[in-house]
Each structure stands twice: as structure tokens, then as C-alpha cells.
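A quick write-up on the structure given underneath.
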Amino acid sequence: MSENPGAEHAAAMAREAQGRTRGRDVRVLARLLPFMAPYKGYIGLAVLFLLLSTAATLTIPRAVQQMIDHGFSKENAGLIDQYFLFVLVVAVVLGLATAIRFYFVTWIGERVIADIRKALYDHILKLSPAFFEVTRTGEVLSRLTTDTTLIQTAVGSSVSIALRNLLMMVGGLTMLFITSVTLTGLVLVAVPLVVVPLIVFGRIVRNLSRKSQDRVADTSAYAAETINAVQTVQSFTHEPIDRSRFGATVEAAFATARRRVVARAGMTALVIVMIFSSIVGVLWVGAQSVLAGTMTPGELSQFILYAVMVASGLGALSEVWGEVLQAAGAAERLMELLATKPQIEAPANPVALSTPARGHVRFEHVTFEYPMRPGISALKDFSLEIKPGETVALVGPSGAGKTTVFQLLQRFFDPKMGRILIDGVDVKSANPSDVRARLALVPQETVIFGDSALENVRYGRPNATEAEIRAAVEAAQAAEFIDKLPKGLNTYLGERGVTLSGGQRQRVAIARAILRDAPVLLLDEATSALDAESERLVQVALENLMQKKTTIVIAHRLATVQRADRIVVMEEGRIVAEGTHRDLVAGGGLYARLARLQFAGLAAE
């Protein structure tokens, strides 16, 4: 083992992230416009009050100029009260307009980000399992949380602040020209000295922001993986290595974030120094004009205030620009995710499955390779017909392709060659939802959601009544332990069903499949986690359920499939034998060898 597994792990993640697309520019934020379009009225009101607050701010220097040039004299002493009252009214208007603008802008940010999160989640649920074979779950969760938060900051405040400061700059520059063309010309000469560093540093910040988000995604991915398997981590006393690896990813994220912060800080400092150095030089020239009598003190004061507005606006713009660029990088990654096309989609004109459903399943010369294992066929020229109401057991060693049959039948993947039919319809020409609605699955690894027992069973048919749920629970022999829970069916089962034993979780899954009442039943080691007594009870429930349904059973324990109508023996993606238990044992071969090994072990026990 390496002396520093954490550093090696962080380096591996860094190499992986180098392949990700980097942010280009803020134009990617325009792709958020469809999410903002429904709220044009709110955006219009936000812009209206933004203009009003900007106009109020730009009015103040003009009032100060009039007060200095005309109010501080004995002849016009009465005007000073009017000037101060005017400034007070402007301040009230500014405060109200700013508050209302803040409300609308913040509301828009919260509303748009909520819509984006819903759209992302909806889209993620449509993606095929092939996507999740190459994309870590933690990275997807990072898109839903970290990146959407960055966009919320931009849409809800940064863009508004940037627009306000941009308007202040444009309005301030206009008033500078009106006040003094000469001094304004000197200001404009200094602008390139500020803009060029802003552009250069902006590109650096944008690239570092993208890298920083990648590192945060790495951290989330590793944490999600280890936390979901925390019992395994603790069982193998793997905590020191996992701490080291997680610490390395956190430090890598911090190092990248620190480089981004340094770049932003440097950009802000340089821009502010350049701005105020230029202003000091320009004001020195203005002071000379006042002394020469070509400019009044009020005009110089007005020019100073407008120059400060322009300078502070540009300084704030340079600071907010970094946040906007960071949001642009996040938006780009979200748009990439939203643009990801599911490999399995409903055709434009799906063929309806026949009604009533019969449960006729047929595989015709199917060949399939998993995306992560190109060149290695999970199924090779696989053909199998299962008639309505027939029970077929798939047996064979691990890697024979049994689970792949279930994956293709549910259309999580499409075969490379051949076709799969349900009730005479090619599943590729039907809507995947219609295909899956005809299937009920009891998986080998039972999934229990962090909800009540009732809702976990109702997952099989969301519109089921409580009486129907109760009947399914009793049929699955699950009432025996559910009734003993503190609140019965309404008892919270904990995340991933941690409060239940393996056998109990499996009986909940069987109840879920019973409630679904689909014409085709898929049992993947449905009794593998049960003790002998529970297995006997569940077998009775399953046999009653299977009488009217087409059933495909995957089982390594041959004792559970002896009463199947037909047993299909698979090896390396092919069918090597078919028949009843008695015929296959008599015929020798792979099944006879598996049966001999298992039953010899049972006899020894």
C-alpha cells in the first residue's frame, strides 16, 4: 500500500477533472433566460426600481453643487433649507426604491433557482443507468446543491449589483461630461489602465472558479460514497485511509479555492489602486482650474462626487464580476447536465402495448455489451421465449448474464443486436414507462426509502388504498413484524431501512411487488436473505402470486427453483441448457454440477 494514499487519490481525481470542460464566458448565463422568461413582470418591476434608485443617486451631486454655489451666500440664505429638504426627499426615494428592487431581485433569484433545481432533478431521473456508470453520484449532487447556489447568488444579487453599478458608471460619466469635458477626457484616458487588468484577471478567476467547483464535486462524491457504506468502512477499520483520502480532496479543493481568492483579491486591489490613482491626478487638475477661475467650487464638488460614483461603481463591478464568472462556470456545468441526452428515450410515436396484458416475453438473438465494458458481451446471441403464466428460472454462475436479462427487459439498456418483445411489441418501439409498468421487481439488494413502512410498500402503486397495502403486507408475510413496530405501518423505517433486518427488508420489497400487481414478475434472489421459516412463508405467498403471472426467477440457491416450469441454464451470456430440474440433473452438465455441489453442502449441514 502507498505511504500516502490520500495524496494519490487526490492526484487521481485531479487527473480526472482535467478532462472536464472549462467555463468560457458569461454568455453562458444567457442560457438561463428560459427559466427567467415566466417572470417577466417581476423582472420589469426590478428594472424599473433599479432605474429609479440610480436616478435618485445621480441627483444628489447636482443638488450639492447648487447648494455650494448658491446656498452658502447671504443673498440666497433662504434656499439652503430647500436644498437640504430636496436631498432628504431624494434619500427617501432612494431607500424605498432600493428596498423594493432588493425584494424583487431576491424573489426572482429564489424562484428561478427553485425551477432550475426541479428541472435538474426531473432530468436526472430520466437519465439511463449508463450515465451513472460513468458519473459519480456525489458529482451529480454537487450540481444540484453547490452550483445552483452559485447561480442563485448571481441571479439574486450579483447581476443586480453589476447592473446597478453599470448604470451608475454610465450615468456618472454622462454627468462628468456635462460638468467638465476636459477633466472627463483625462478620466477616459485612465480607463484602459483599469479595464485591461480586469479582463486578464477575469479570465484567470473564471478558470480557477471552474477548477474549484470540480474539486468541491470530488469532495462530495467521495464523502457520499463512504458515508453510504459507513458500516463497511468501520467493519474493515478503513477509517484512517478514508480520512486521509477525504482530507486530501478537501485540501485540494482548498488549494484551488485559495488560488481563486488570491486572483480575485489581486484583481480587486489592482483595479481600486488604478482607479483612485487616476482620480487623484484628475482632481489635481480640477483644483488648478478652480484656482484659475475656470470652474466653480460647486462644479468641482459635483465632479468629485460623480467621479467617486464612477470609481466605486467600477470597483464594485470588478469585485462582483468574479462572482458572475463563477456563476457562469456553474451555469455551464448545469447546462451540460441538462443537455445530456438519456440513451433510453420514448420514440416520437410509441407503439401501444396490447391490452389486456398477457405477459408474453421473448428475446430474439440478443447481443449486449455494457458501456463500461466494451468488447465484452454480457449476452451473446441470446434467444428465449417465456409464455404467459409460465415460471422460468435463470441459473448459472456469477457473470453468466442473468441480471443483464432483467436490465434489458426493463429497458435500462438497449441491445447491440437483436430485439426484446413484450406481448408482441418490441420494447424499443414502446414507451419505456409503459414497458416498466408491466413489470414488478423484487431485487436482490432491497431498497428501503427513508419513509414509513406504508409509503415504502405503496411505492409499488402510489394510488393504492391502505386496505390494498394491508393485503399486500399480509400476503408477503410482512405483517408479522410490521404490526410489532411502534406505529405499525406508519412507523418510520430509517434511511435505507436501517431499523429492519435483511429478511424484513426483503419482505417489504415483496409486498411492494405484490401491490404493483404487474403481469410480469421479476424475482432476483427474492428469498436469499430469509431464514428457513421466513423463506417457507414467503414461498407460499410467492407461489400464490405467481399462479396468474409470467415469472422470471434468478436464483443461485437451486432449492428455490425446483418447482419452476422451466429452468434456463446460462454461462458466459449464452443458454447452455433448458428443462425441468429432474431432466437437467439427469442430463449432466453445468446444472448437474451446480446441483451436486449445493445439495452436497446442504446434506453436510
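Going by this note's numbering, the first residue of the sequence shown is number 213, and it counts up by one from there.
Glycine included, each C-beta is placed from N, C-alpha and C at the ideal position.
Just so we're clear, the structure is a prediction, and the values are computed from it rather than from any experiment.
Assignment of beta-bridge partners to tyrosine 704 by DSSP yields Ser664. Judged by DSSP in its simplified three-state form, lysine 599 adopts coil rather than helix or strand. The C-beta distance from leucine 512 to valine 502 rounds to 5 Å, short enough to meet the 8 Å contact threshold. Bounds of the alpha helix (DSSP H) holding arginine 719 are 714-728. Annotation: methionine 279 is outside any beta strand (DSSP E) and is labelled neither H nor E by DSSP.
Cβ-Cβ separation between alanine 268 and alanine 309: approximately 6 Å, consistent with a contact (criterion under 8 Å). Distance check between threonine 431 and each of Glu351, Asn440, Ser447 places Glu351 closest, using alpha-carbon atoms only. At least 8 Å separates the beta-carbon of valine 773 from that of methionine 782. Residue pairing by DSSP puts methionine 629 in a beta bridge opposite Thr579. Beta-bridge partners assigned by DSSP to valine 604: Ile764, Arg778. Contact between the region 620-630 and the region 329-349 is established, with three or more Cβ pairs separated by less than 8 Å. Per the Cβ contact rule, the region 548-560 is not in contact with the region 373-384 (fewer than 3 Cβ pairs under 8 Å). The straight-line gap separating the alpha-carbon atoms of isoleucine 722 and glycine 799 is approximately 34 Å. Excluding five sequence positions before and after arginine 329, the CB atoms of its chain that fall closer than 8 Å to its own CB belong to Leu356, Thr360, given in chain order. With a 10 Å radius around the Cβ and a threshold of 16 neighbouring Cβ atoms, tryptophan 496 comes out exposed.
Taking the C-beta atoms as reference points, histidine 572 is found nearer than 8 Å to lysine 599. Secondary structure of alanine 590 (DSSP, three-state): strand. For alanine 789, the beta-bridge partners assigned by DSSP are Val781. Annotation: alanine 569 is outside any beta strand (DSSP E) and is labelled neither H nor E by DSSP. The Cβ-Cβ distance between arginine 348 and alanine 433 falls below 8 Å.
For leucine 621, the enclosing alpha helix (DSSP H) stretches over residues 614-621. Taking C-beta atoms as the reference points, alanine 258 and valine 317 count as a pair closer than 8 Å. Comparing C-alpha distances from alanine 665 to each of Arg650, Gly700, Glu686 shows the shortest one belongs to Gly700. Between the region 581-588 and the region 682-702, the count of Cβ pairs shorter than 8 Å is below three; the stretches do not touch.
With contact defined as three or more Cβ pairs closer than 8 Å, the region 524-540 and the region 613-620 are not in contact. For arginine 457, the closest alpha carbon among the candidates Arg471, Thr438, Gln443 is that of Thr438. In this structure, valine 563 and serine 641 form a Cβ contact; the two beta carbons are roughly 4 Å apart against a cut-off of 8 Å. In the DSSP secondary-structure assignment, leucine 651 is bridged to Val732. In this structure, the CA atom of isoleucine 292 is about 25 Å from the CA atom of alanine 499. As DSSP reads the structure, valine 637 sits in a beta bridge with Ile634. Around the Cβ of valine 401, a 10 Å sphere holds fewer than 16 other Cβ atoms; the residue is exposed. For the pair proline 509 and valine 428, the Cα-to-Cα distance works out to about 55 Å. Residue state for glycine 525 is assigned as helix, using DSSP reduced to three classes. Within 10 angstroms of the beta-carbon of serine 589 lie 16 or more other beta-carbons, which makes it buried. Counting only the Cα atoms, leucine 733 lies some 25 Å from aspartate 663.
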